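Residue numbers (this note's numbering): 7 to 900. Glycine included, each C-beta is placed from N, C-alpha and C at the ideal position. Every value quoted in this text rests on a predicted model; they were computed, and no experiment measured them. Read the structure below first, then the notes.
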């Protein structure tokens, strides 16, 4: 039996020598025999594979739903009535719905597999002092791993040797900029993004070299813990599924009570035979069950999916469409979601001016301003010198490709390349004029980079490190003594804006100098200035956030980035207000669940958040009754994406893990697309609500007609097979048109719906009663009129069926708008008229074609019968419109 390295060890808080001693290893690595023993003890460096349920069991689980069971019962009862074809149709609908759920659920299993693909297959390892390429799965705690630029880190490492080592950890921690690694221990409570002496499995080395000892493999690694967290997270039911489950229970109870009451009334009250009344009760149950409702819900959701796809949102799970319409809180990642994930120079401070740069990303677009006035860069000599220093003391390049400007190298250095391009400096030309002869790479120990050229040594790095080597500063009129207080104030001002600050300086090399060294670099540099760099917000996000706020949706930023940077971006975007609070991961860690639930509704910006923190925040919001959408693109976002009411992943720059865990993927990585998706989600819910409001009263009319006929001692006005024809074909065909209705004008000006709101509202009950009575009365009226004129029972029932269908068509027009009169816009409702045309064509075929007459027990109707039916249909339309107008008038009065 294998075991993992203990996670209780805070390896980042221990000195490297102590870690080596605890793991009983040294810098030469383990012996082959010891490594084999540890492999048997700890197991391979692989993530555990989740136990997958058999496909047949997942399929059967789709039937574990009360409404589905009701439908199956309807199918069985219909079969007992001897209508095999109708029973097959009902059961077929349930199987189709089960297949859709089966396919969607199967996709969720892929999230864990996607995490496994992030682990690197090979590693460079020291065993017994010899460097060997090795299958990363064979790594064990105590192994010594060598890292170089381009390597994917194969396990969690405690670094003990680094040389200008920078690691891209955005997918794991949310940090936009590659992290500069060091060997010094950090505080025990440091979050993963602050553990500078650690390299985590699955992250990427973008610069430099390093060595580290393996301290955690497989499930014990940081990415392994995320995998375990993801496997343990249970998806919660969406608001739609919750409401549908409640609705199913209420409907089942109501149908059962009605059937029992009718049976008892007929047997003990009217003296009918119990066998006859049993079949009547079965007929009532078949009429009352909205067999087409699951199909309508699925179709409406599918149409919503198509609409969202046209607006760059791909839905992976159908219920997520409607859930977006219920969202009350959006928890969004910062890097790559609200921001471009492309570093940009925003400010340049020289000894005489502060320049503001326009444009975002790596393209050289955007003007340069001083005090709000656009300037010509050639008029400012120091600005040109600073840009040249940033271009030559640089290992990155920015090139224009088929898909725009592309970065090769470090994002921060890429921002300096773009600054040079904005001033008309081309890398190839300047490098040819001033070739590089030597370089001191950036390292965390000295915190600067230096390059040697024919006429200059350029220095770039942290302000305190560069300023320590400067004694002068450059001005447009010449050099002057260094003003330390001025530069400290400029650095503080730039940092307060959330900008990453770099200083650039130059000096003339010594005569004949051919190389650089840390000891001989010397001082007497001339400071050229400071640059402030940031990952800027997407330009379209501000409007989208305002749209969400207008819809009553609270937006919260949850990021792994530093608090100052997070606060700056939030302030620019209007998240949390100017004086909003920011909570950090360490503060979240110290809070109890109860304290966090109280605080999470007050704070909108959360920084240095780990995957566990993001998950706790989502759960705390849900505990307070919020319907939460979580956006993200990294592995660190996956557990929260899965737990959220709807997870929204980025499709372009997002990881496969995030996409698999989410319910929806944005193809353009644009937060603005979420606003469109919310609008579509609200429209889908409104259309589903209209479909329910439409279907139930029509079913109620059938039930009412049967019950009234029984109470009056009349023959059944409609047979079970005719009921099924109406419920499964005409009703579904008509109600599908409601799914195509566009969004209401005020859709995004209303607050989110209460998640606890029932589908069965007081309005629905009133409308159910009103329309049911109207339809039941109309169908019984034409039934009795036909019998009074000497028509056969088949002709009378045909008239009753057609009356129900015409009544459905009239009521469909009422349901196009629940708040305004539709009489003025009837001709513009093209989907409804198309559906009515299709249904009436089918109904005429059922009425007049001999083969269908035989199947459905119908008979041809004279023209006079149609005149009565159409007149009653028009009266129903006008009566319901009158009720709507009266209701709206009363609401305005109150």
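Can you find the residues in the same chain that come closer than 6 Å, C-beta to C-beta, to residue i, ignoring five residues on each side of it along the sequence?
{"i": "residue 116", "result": "Confidence at residue 116 is low in this model, with a pLDDT of 48, below 50, so its placement is unreliable and the value that follows should be read with caution. Excluding positions up to five away in sequence, the list reads 666."}
{"i": "residue 434", "result": "none"}
{"i": "residue 16", "result": "194"}
{"i": "residue 471", "result": "453, 454"}
State yes or no: is the C-beta of residue i within less than 8 Å of the C-beta of residue j?
{"i": "residue 814", "j": "residue 867", "result": "no"}
{"i": "residue 172", "j": "residue 50", "result": "no"}
{"i": "residue 205", "j": "residue 163", "result": "yes"}
{"i": "residue 882", "j": "residue 802", "result": "no"}
{"i": "residue 767", "j": "residue 841", "result": "no"}
{"i": "residue 408", "j": "residue 191", "result": "no"}
{"i": "residue 798", "j": "residue 865", "result": "yes"}
{"i": "residue 335", "j": "residue 321", "result": "no"}
{"i": "residue 148", "j": "residue 34", "result": "no"}
{"i": "residue 633", "j": "residue 337", "result": "no"}
{"i": "residue 838", "j": "residue 818", "result": "yes"}
{"i": "residue 236", "j": "residue 723", "result": "no"}
{"i": "residue 453", "j": "residue 430", "result": "no"}
{"i": "residue 475", "j": "residue 457", "result": "no"}
{"i": "residue 879", "j": "residue 816", "result": "yes"}
{"i": "residue 919", "j": "residue 469", "result": "The question about residue 919 has no answer here: the residues shown for the chain are numbered 7 through 900."}
{"i": "residue 339", "j": "residue 638", "result": "yes"}
{"i": "residue 616", "j": "residue 197", "result": "yes"}
{"i": "residue 678", "j": "residue 546", "result": "yes"}
Round the Cβ separation of residue i and residue j to the nearest angstrom and send it over; I've been treating them as touching at under 8 Å.
{"i": "residue 167", "j": "residue 189", "result": "7 Å"}
{"i": "residue 515", "j": "residue 463", "result": "5 Å"}
{"i": "residue 423", "j": "residue 449", "result": "Residue 423 to residue 449, Cβ: 21 Å. No contact."}
{"i": "residue 275", "j": "residue 716", "result": "That belief does not hold up - the Cβ atoms of residue 275 and residue 716 are roughly 10 Å apart, past 8 Å."}
{"i": "residue 641", "j": "residue 657", "result": "Contact flag wrong, Cβ pair sits at about 16 Å."}
Please work out which residues of its chain come closer than 8 Å, Cβ to Cβ, to residue i, disregarding the five sequence neighbours upstream and downstream, and give them in chain order.
{"i": "residue 589", "result": "605, 609, 611, 612, 613"}
{"i": "residue 372", "result": "363, 364, 365, 366, 428"}
{"i": "residue 902", "result": "Within the shown structure, residues of the chain are numbered from 7 to 900, placing residue 902 beyond reach of any answer."}
{"i": "residue 755", "result": "556, 557"}
{"i": "residue 891", "result": "827"}
{"i": "residue 728", "result": "803, 807, 862, 863, 864"}
Have a look at the DSSP bridge pairing and note the partners of residue i.
{"i": "residue 337", "result": "562, 636"}
{"i": "residue 174", "result": "210"}
{"i": "residue 186", "result": "172"}
{"i": "residue 163", "result": "205, 220"}
{"i": "residue 509", "result": "467, 536"}
{"i": "residue 481", "result": "484"}
{"i": "residue 454", "result": "467"}
{"i": "residue 411", "result": "406"}
{"i": "residue 158", "result": "210"}
{"i": "residue 355", "result": "360, 536"}
{"i": "residue 320", "result": "671"}
{"i": "residue 129", "result": "140"}
{"i": "residue 656", "result": "672"}
By Cβ distance below 7 Å, which residues in the same chain neighbour residue i in space, the five residues on each side in sequence not counted?
{"i": "residue 908", "result": "Only positions 7 to 900 of the chain appear in the structure, and residue 908 is not among them; the question remains open."}
{"i": "residue 504", "result": "540, 570, 571, 573, 574, 575"}
{"i": "residue 482", "result": "358, 386, 387, 388"}
{"i": "residue 139", "result": "128, 130"}
{"i": "residue 685", "result": "749, 753, 754"}
{"i": "residue 215", "result": "153, 154, 169, 171"}
{"i": "residue 436", "result": "394, 397, 398"}
{"i": "residue 885", "result": "780"}
Determine, using beta carbons only, whether residue i comes closer than 8 Å to chain D.
{"i": "residue 715", "result": "No chain D is part of this structure, which consists of one protein chain only."}
### Task
Would you be able to state if there are at least three C-beta pairs under 8 Å between the segment 680 to 692 and the segment 323 to 333?
In the pairwise beta carbon analysis, the segment 323 to 333 is classified as touching the segment 680 to 692: at least three pairs are separated by under 8 Å.
### Query
On the three-pair Cβ rule with 8 Å, is the segment 592 to 605 touching the segment 546 to 561?
In short, these stretches do not touch, since the Cβ pair count stays below three.
### Query
So, do the segment 802 to 813 and the segment 843 to 858 have three or more beta carbon pairs nearer to each other than 8 Å?
yes
### Task
Taking 8 Å as the threshold, find out whether the segment 828 to 836 comes into contact with the segment 796 to 811 through three or more Cβ pairs.
Short answer: they don't touch.
### Task
Report yes or no: do three or more beta-carbon pairs, one from the segment 648 to 663 and one from the segment 350 to 359, lie closer than 8 Å?
The segment 648 to 663 is not in contact with the segment 350 to 359.
### Message
Measuring CB atoms only, is the segment 391 to 398 touching the segment 419 to 428, in the sense that at least three cross pairs come out at less than 8 Å?
### Response
yes
### Query
Do the segment 197 to 213 and the segment 467 to 482 meet, that is, are 3 or more Cβ pairs less than 8 Å apart?
no
### Query
Hey, is the segment 489 to 506 in contact with the segment 529 to 538, meaning 3+ C-beta pairs nearer than 8 Å?
yes
### Query
Counting pairs of Cβ atoms below 8 Å between the segment 155 to 162 and the segment 212 to 226, do you hit three or more?
Touching, yes.
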